[in-house]
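*Asks:* The structure's right below; bear with me while I get my questions together.
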Amino acid sequence: MKRTYKLLGYLLLGIGVYAFLNANNTDLQANSTVTQEQTTYKRNRHTITLVLIQLSDLKVEEGQRINVGDIISDRTTEKTKLEAKKQRLTSSLNRAKLPLRELKSVPVPKFQSELAALKQAQFNLDS
């Protein structure tokens with residue numbers, strides 16, 4: 001138990017010394033003059049890796065300078081295919097939403113007349 005208190009004491013002493021030294025350094029920094037340096041912009045060459053299906057999707061050439069917002073790649077063929085597929089699916093969905101055509105009404109069966117016609121046909125076959 002004494003060892004734990006002793007260790008905590010050393011830890012607190014270390015924190016206090018660090019805070020004291022840091023406070024002294026802060027005063028020195030506050031009194032010193034600040035010099036402003038302007039850094040020059042250095043153009044760097046960046047490498048960008050793209051996965052393309054067709055070479056025509058690439059809109060820039062090697063060594064060409066590009067700015068922020070410039071289009072590097074555009075998959076126009078893929079976009080056209082997807083838009084056509086969307087249009088086909090939309091039209092088929094609209095056709096599916098149309099009301100069904102009404103069916104013609106089924107005629108009411110006339111059993112007596114049908115039965116008489118059947119008996120007449122059998123009589124004609126037998127004779």
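What the sequence shown shows, in full-length UniProt numbering, is residues 1 to 127, in sequence order.
The C-beta atom is built at its ideal place from N, Cα and C for all residues, glycine as well.
Note that the structure is predicted; figures quoted are calculated from it, not measured.
Mind checking whether ILE53 and GLU78 have CB atoms under 8 Å apart?
*Replies:* Yes, Cβ-Cβ distance for ILE53 and GLU78 is below 8 Å.
*Asks:* State the beta-bridge partners of LEU58 as determined by DSSP.
*Replies:* DSSP output for LEU58 lists SER73 as bridge partner(s).
*Asks:* Taking only the alpha-carbon atoms, compute the straight-line gap between VAL108 and GLU114 and give it to the nearest angstrom.
*Replies:* Each residue's alpha carbon lies about 12 Å from the other.
*Asks:* Can you tell me which of the three DSSP states GLU78 falls into?
*Replies:* Three-state DSSP puts GLU78 in a helix.
*Asks:* I need the straight-line Cα distance from TYR10 to HIS46, nearest angstrom please.
*Replies:* Rounded to the nearest angstrom, the two C-alpha atoms are 52 Å apart.
*Asks:* Could you spell out where the alpha helix (DSSP H) holding GLU102 opens and where it closes?
*Replies:* Per DSSP, GLU102 belongs to no alpha helix (DSSP H) and is neither H nor E.
*Asks:* Please work out which residues of its chain come closer than 7 Å, Cβ to Cβ, to SER105, disregarding the five sequence neighbours upstream and downstream, and give them in chain order.
*Replies:* If we look at SER105 and ignore the five residues flanking it on each side, it has no Cβ neighbours.
*Asks:* Looking at LEU93: is its Cβ nearer than 8 Å to the Cβ of SER73?
*Replies:* Their beta carbons are not under 8 Å apart, which means LEU93 does not touch SER73 by this criterion.
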